[in-house]
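Enquirer: If you scroll down you'll find the structure; I have some questions about it.
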Ligand code: BGC
């Protein structure tokens, strides 16, 4: 072979290797974790399975933070990403597909805490470890659990609502819009909130569990509640997250109840909720720093994909009905207008520019956010 031919063969080989290192960039099939940076130690495919996209956090926080951290730690790791759009059967298929594509570990935020047990069994047959992400998979042989102290989330919501009502000298009833009955977190939020509200002077007039955490269904529930108790028949609303709070607030507006006169709780520190808090349409939210949660999951996943012992402190355990699961539980923080600056802005969860656009600029100034 001539010198020129040899050089072309070598060039073609180098190009092919570079292409292979770029991984698969298909959105459904997975994001390439390729690149020249990141730690060594070998990699593998990591499946991230998130439950829905109506709640903003998953696509805007969990997914990008998880992917960034995996890419930083492991240039050879590929991420197989899927979102189940609130559909437990779809999530099961997505997990199957990830296993078929060679996933070495599943990071699974289950749509349905109980039925996800079948996915865990399937993974275990192939010796694939499972990290239960944010929501606990119950009665299943999971390896790790990463979340927040979820009963505390409910307590913070209940305490903020009750103390605000007491401060305002309000008397009357509360309406409770809880999360999805299939989500173990929703059960814990509800328990935590009830532990405070049931001991308070306020009675729960109507209470709903919201299928799929759907904001539209929350709006229908609130509509029904207002019709049943009347426009003046309630003084506060417990909404389990910002999506359901948005639904409840829309229902109030639709029926001519000014949300500025009724404190409403929430959770997730969604941008829309922070803006509603600033203009007084929502009273509070619970800030859960999703970045450390997603990053801790990424660290665990990379170690497990490499067959290494994870470094994180998982000495805390949570009983999931089958075993004491090694866990990492982070602290939630209650946020009202008063501490947006010291929490959300300080942590760069949302920037001042993102929060203080257009009609929110004046409210930002008043709250000292600039
Ligand atoms: C999460 C919340 C989220 C809700 C709806 C819960 O399991 O902890 O942050 O708002 O699900 O997706």
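In the working numbering, the protein residues as written are 3 to 372.
Heads up, the beta-carbon is just placed ideally off N, CA and C, and yes, glycines get one too.
Do the CB positions of residue 322 and residue 144 come within less than 9 Å of each other?
Expert: On the chain shown, residue 322 is found 320 positions in, with the first residue counted as 1. On the chain shown, residue 144 is found 142 positions in, with the first residue counted as 1. For residue 322 and residue 144, yes; Cβs fall inside 9 Å.
Enquirer: When we look at the beta-carbon of residue 161 and count the other beta-carbons within 10 Å, is it buried (16 or more) or exposed?
Expert: Position 159 of the chain shown, counted from the first residue, corresponds to residue 161. So residue 161 ends up on the buried side.
Enquirer: Just to check, is the beta-carbon of residue 59 closer than 8 Å to a non-hydrogen atom of the ligand BGC?
Expert: Walking along the chain shown from the start, residue 59 turns up at place 57. Because some heavy atom of the ligand BGC lies under 8 Å away, the Cβ of residue 59 counts as near it: yes.
Enquirer: Can you say whether residue 189 is buried or exposed, counting buried as having 16 or more other CB atoms within 10 angstroms of its CB?
Expert: Position 187 of the chain shown, counting from 1, holds the residue named residue 189. Per the 10 Å Cβ criterion, buried.
Enquirer: By DSSP, does residue 138 sit in helix, in strand, or in coil?
Expert: Looking up residue 138 in the chain shown gives position 136. It is coil, neither helix nor strand.
Enquirer: Cβ-heavy atom distance between residue 221 and the ligand BGC below 8 Å?
Expert: The count along the chain shown starts at 1 and reaches residue 221 at position 219. False, no ligand heavy atom lies under 8 Å from that Cβ.
Enquirer: Would you decide whether residue 1 is buried or exposed? Buried here means 16 or more other CB atoms lie within 10 Å of its CB.
Expert: Examination of residue 1 is not possible in this model, given that the chain is present from 3 through 372 alone.
Enquirer: If you draw a straight line from the alpha carbon of residue 110 to that of residue 352, how long is it in whole angstroms?
Expert: The count along the chain shown starts at 1 and reaches residue 110 at position 108. The count along the chain shown starts at 1 and reaches residue 352 at position 350. Approximately 26 Å, taken between the alpha carbons.
Enquirer: Is the beta carbon of residue 186 closer than 9 Å to that of residue 140?
Expert: Position 138 of the chain shown, counted from the first residue, corresponds to residue 140. Position 184 of the chain shown, counted from the first residue, corresponds to residue 186. Cβ distance < 9 Å, so residue 140 and residue 186 count as in contact.
Enquirer: Can you tell me whether residue 403 is helix, strand or coil according to DSSP?
Expert: In the structure as shown, the chain starts at 3 and stops at 372, and residue 403 therefore has no counterpart that could be examined.
Enquirer: Note down, one range per segment and in chain order, each alpha helix (DSSP H) of at least 4 residues found wholly within the segment 226 to 289.
Expert: Whole alpha helix (DSSP H) segments, 4+ residues: 244 to 256 and 273 to 280.
Enquirer: Hey, residue 101 and residue 130: beta-carbon distance below 9 Å or not?
Expert: Position 99 of the chain shown, counted from the start, is the residue given in the question as residue 101. Position 128 of the chain shown, counted from the start, is the residue given in the question as residue 130. It is a contact, given that the beta carbons lie within the stated cut-off.
Enquirer: Taking C-alpha atoms, which residue in 155, 272, 281 and 78 lies nearest to residue 240?
Expert: Numbered from its first residue, the chain shown carries residue 240 at position 238. For residue 240, the nearest C-alpha among the options comes from 155.
Enquirer: For residue 311, which three-state DSSP category applies?
Expert: Position 309 of the chain shown, counted from the first residue, corresponds to residue 311. In this structure, residue 311 counts as coil in the three-state DSSP scheme.
Enquirer: Would the C-beta of residue 270 count as close to the ligand BGC, meaning under 8 Å from any of its heavy atoms?
Expert: What you label residue 270 is simply residue 268 of the chain shown in a count that begins at 1. Yes, the Cβ of residue 270 comes within 8 Å of a heavy atom of the ligand BGC.
Enquirer: When you compare the CB positions of residue 137 and residue 120, do they come within less than 9 Å of one another, or not?
Expert: The residue you call residue 137 lines up with position 135 of the chain shown. The residue you call residue 120 lines up with position 118 of the chain shown. Taking 9 Å as the Cβ cut-off, residue 137 and residue 120 do not qualify as a contacting pair.
Enquirer: Can you list, in chain order, the residues of its chain whose CB lies under 6 Å from that of residue 61, leaving out five sequence neighbours each side?
Expert: Stepping through the chain shown from its first residue, residue 61 is reached at position 59. If we look at residue 61 and ignore the five residues flanking it on each side, its Cβ neighbours are 55.
Enquirer: Taking the beta strand (DSSP E) that residue 180 belongs to, which residues open and close that run?
Expert: Translated into the one-based positions of the chain shown, residue 180 becomes position 178. 175 to 180 is the extent of the beta strand (DSSP E) around residue 180.
Enquirer: What's the call for residue 260, buried or exposed, on a 16-neighbour Cβ count within 10 Å?
Expert: As a first step, residue 260 is located in the chain shown; it is residue number 258 there, counting from the start. Under this definition residue 260 is an exposed residue.
Enquirer: What is the DSSP secondary structure of residue 333, reduced to helix, strand or coil?
Expert: Here residue 333 refers to the residue found at position 331 when the chain shown is read from its first residue. It is coil, neither helix nor strand.
Enquirer: Say the cut is 8 Å; is the CB of residue 249 nearer than that to a heavy atom of the ligand BGC?
Expert: Start at 1 with the first residue of the chain shown, and residue 249 comes out as number 247. Answer for residue 249: no, Cβ out of range of the ligand BGC.
Enquirer: Can you find at least 3 beta carbon pairs, one from the segment 357 to 367 and one from the segment 301 to 317, that sit closer than 8 Å?
Expert: Judged by Cβ distances under 8 Å, the segment 357 to 367 makes no contact with the segment 301 to 317, as fewer than three pairs qualify.
Enquirer: Is there contact between the segment 245 to 259 and the segment 189 to 198, where contact requires at least three CB pairs shorter than 8 Å?
Expert: No, they do not touch.
Enquirer: Please name the residue or residues paired with residue 203 in a DSSP beta bridge.
Expert: Sequence index remark: in the chain shown, residue 203 carries index 201 (1-based). In the DSSP output, where bridge partners are listed per residue, residue 203 has none listed.
Enquirer: The alpha helix (DSSP H) with residue 169 in it runs from where to where?
Expert: Here the question's residue 169 lines up with position 167 in the chain shown. From DSSP, the alpha helix (DSSP H) with residue 169 extends over 152 to 169.
Enquirer: Any chance you could list the alpha helix (DSSP H) runs of at least 4 consecutive residues sitting entirely within the segment 89 to 129, in chain order?
Expert: Listed in chain order, the complete alpha helix (DSSP H) runs (minimum 4 residues) inside the segment 89 to 129 are 90 to 102 and 118 to 127.
Enquirer: So what's residue 352 in DSSP terms, helix, strand or just coil?
Expert: The residue you call residue 352 lines up with position 350 of the chain shown. In this structure, residue 352 counts as coil in the three-state DSSP scheme.
Enquirer: Within this structure, are the beta carbons of residue 247 and residue 268 separated by less than 9 Å?
Expert: Here residue 247 refers to the residue found at position 245 of the chain shown. Here residue 268 refers to the residue found at position 266 of the chain shown. Contact: yes.
Enquirer: By the 10 Å Cβ neighbour count, where 16 or more other Cβ atoms means buried, how is residue 66 classified, buried or exposed?
Expert: Reading the chain shown from its first residue, position 64 is the one you call residue 66. The residue in question, residue 66, is exposed, as its Cβ has fewer than 16 Cβ neighbours within 10 Å.
Enquirer: Rounded to the nearest angstrom, what separates residue 33 and residue 69 at their Cα positions?
Expert: Start at 1 with the first residue of the chain shown, and residue 33 comes out as number 31. Start at 1 with the first residue of the chain shown, and residue 69 comes out as number 67. Bear in mind that a pLDDT of 39 at residue 33, under 50, signals an unreliable position, so the number given afterwards is only what the model happens to contain. Cα to Cα, residue 33 sits roughly 8 Å from residue 69.
Enquirer: So what does DSSP say about residue 319, is it helix, strand or coil?
Expert: As a working mapping, residue 319 is identified with position 317 in the chain shown. The answer is strand: DSSP assigns residue 319 an E or B state.
Enquirer: How many angstroms separate the CA atom of residue 196 from the CA atom of residue 118?
Expert: Start at 1 with the first residue of the chain shown, and residue 196 comes out as number 194. Start at 1 with the first residue of the chain shown, and residue 118 comes out as number 116. Rounded to the nearest angstrom, the two C-alpha atoms are 27 Å apart.
Enquirer: For residue 126, tell me which candidate among 112, 97 and 318 has the shortest Cα-Cα distance.
Expert: On the chain shown, position 124 is the one that residue 126 refers to. Ranking 112, 97 and 318 by Cα distance to residue 126 puts 97 first.
Enquirer: Are there 16 or more other CB atoms within 10 angstroms of the CB of residue 106, so buried, or fewer, so exposed?
Expert: Stepping through the chain shown from its first residue, residue 106 is reached at position 104. So residue 106 ends up on the buried side.
Enquirer: For the segment 196 to 210 and the segment 268 to 279, state whether three or more C-beta atom pairs, one from each stretch, are separated by less than 8 Å.
Expert: The segment 196 to 210 is not in contact with the segment 268 to 279.
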